[in-house]
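Structure, as structure tokens:
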Amino acid sequence: MANLATTNREGKAKRSEVTELRTTGKIPAILYGYQVENTPVAVDENEFIKVIREVGRNGVIDLDVNGKPVKVMVTEYQFDSIKNQITHIDFVAINMKSEVTVDVAIEVVGEAAGVKEGGVIEHPIFEVSVTATPDNIPESLEVNVEDMEIGDTLYVSDLRSKGNFTIENEDDEAVITVVPPQQEEPEEGEEVEGEESEEAAEDAEESSEEENKDEE
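As structure tokens, this is what we get:
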């Protein structure tokens, strides 16, 4: 579990004040949830990125608020792709004994046997909804596909024994499928192999019939 320090900030700060906060490398955030009041805070952007890399997207963080550690998870953060900057974070205080439901990414491991034979991996879903106590939430679900042949499908039901948590998705929901290679459609005006000889045979047959009629 990683620690992250906070500083206090005004809840209804002016836009100029928020902008100034961000220019100093701080991210405005809000803390709410279990046994806490809605509290506006700010965290150092570099430290936040370091912590997220350490604990993962669904990891538990000890957030230092006025010298008191509060166990939190990140429910959402906003990112400005133009400025390449995190602009706001939502921290939710949690009860470590109570279950929460979060989305967990599916991580494909290995190369499927069917792919080596020309098949193609299809990934209908990239994450599943997982319910567990915070300390049992996996950072990701690894799925080894090395034994999958062309035509094989891995379902949500195949993931259920992977840990001390509950997957909320339906059992018959496909996670990974190895499909046959797609056949390229002939371009317009391009003859399919075999059609040319077949048409030539038909033309020859028609020509032969016409010659026979003329002889008669």
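First residue of the sequence shown? That's 1 in the UniProt record's numbering, and the numbers climb one at a time after it.
Using N, Cα and C, we set each Cβ at its ideal position, and we do this for glycine too.
Since this is a predicted model, take the numbers as computed values, not measurements.
Status (buried if at least 16 other CB within 10 Å, exposed otherwise) for residue i
i, result
"residue 116", "exposed"
"residue 25", "exposed"
"residue 119", "buried"
"residue 58", "buried"
"residue 114", "buried"
"residue 167", "buried"
"residue 48", "buried"
"residue 174", "exposed"
Straight-line Cα distance separating residue j from residue i
i, j, result
"residue 164", "residue 88", "32 Å"
"residue 123", "residue 177", "7 Å"
"residue 43", "residue 110", "38 Å"
"residue 104", "residue 17", "35 Å"
"residue 181", "residue 148", "15 Å"
"residue 97", "residue 134", "8 Å"
"residue 20", "residue 14", "10 Å"
"residue 62", "residue 82", "30 Å"
"residue 73", "residue 154", "30 Å"
"residue 192", "residue 80", "Note on residue 192: pLDDT 49, under 50, position unreliable in the model; no value is reported."
"residue 161", "residue 112", "21 Å"
"residue 231", "residue 22", "Because the chain in this structure spans residues 1 to 216, residue 231 falls outside the shown range and cannot be described."
"residue 34", "residue 142", "31 Å"
"residue 68", "residue 121", "48 Å"
"residue 169", "residue 92", "24 Å"
"residue 99", "residue 37", "21 Å"
"residue 90", "residue 54", "18 Å"
"residue 45", "residue 131", "29 Å"
Closest residue to residue i among the options (Cα-Cα distance)
i, options, result
"residue 158", "29, 171, 99, 43", "171"
"residue 150", "49, 19, 179, 21", "179"
"residue 84", "27, 40, 7, 63", "27"
"residue 64", "125, 144, 7", "7"
"residue 126", "66, 108, 29", "108"
"residue 136", "102, 112, 156", "102"
"residue 52", "141, 146, 77, 68", "77"
"residue 56", "169, 146, 70, 139", "139"
"residue 2", "70, 40, 146, 145", "70"
"residue 129", "146, 152, 156", "156"
Residues that residue i bridges to, as DSSP identifies them
i, result
"residue 85", "80"
"residue 31", "39, 91"
"residue 103", "129"
"residue 174", "155"
"residue 14", "According to DSSP, residue 14 bridges with nothing at all."
"residue 122", "177"
"residue 63", "4, 70"
"residue 26", "44"
"residue 142", "107"
"residue 167", "130"
Any chain C beta carbon closer than 9 Å to residue i
i, result
"residue 60", "Among the chains of the structure shown, chain C does not appear; only one protein chain is present."
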